[in-house]
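**Q** Residue numbers (this note's numbering): 255 to 330.
Here a beta-carbon is modelled for each residue, glycine too, at the ideal position from N, C-alpha and C.
After the structure tokens below, expect a handful of questions from me.
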């Protein structure tokens, strides 16, 4: 995402949709995942990306921070 310029390309938009569907699917299968997705507002943030490259970069930074926070507290 950082290397591109302008709006997101179709394949990048498709990848975002796949991520959204995976979050929904995994939330339906696993209660802990559903709680995590709900508490972190991941679906809302994915929807807010739209086709804006900067929104995607902000979302990626948010995800990196979530992973780091989880690891810091000993999550598996």
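1) Enumerated in chain order, which unbroken segments of the alpha helix (DSSP H) with a length of 4 residues or greater are wholly contained in the segment 255-319?
2) Express the C-alpha separation of residue 256 and residue 308 in angstroms, rounding to a whole number.
3) With a threshold of 8 Å, are at least 3 pairs of Cβ atoms found where one atom belongs to the segment 268-281 and the other to the segment 291-309?
4) If you drop the 5 nearest sequence neighbours on each side, which residues of the same chain put their C-beta closer than 8 Å to that of residue 274?
**A** The short version:
1) DSSP runs (the alpha helix (DSSP H)) wholly in the segment 255-319: 264-283, 285-294, 296-303.
2) In the chain shown, the residue the question calls residue 308 occupies position 54. In the chain shown, the residue the question calls residue 256 occupies position 2. Rounded to the nearest angstrom, the two C-alpha atoms are 8 Å apart.
3) Verdict: yes, contact present.
4) As a working note, residue 274 is residue 20 in the chain shown. Result list for residue 274: 297, 300, 301, in chain order.
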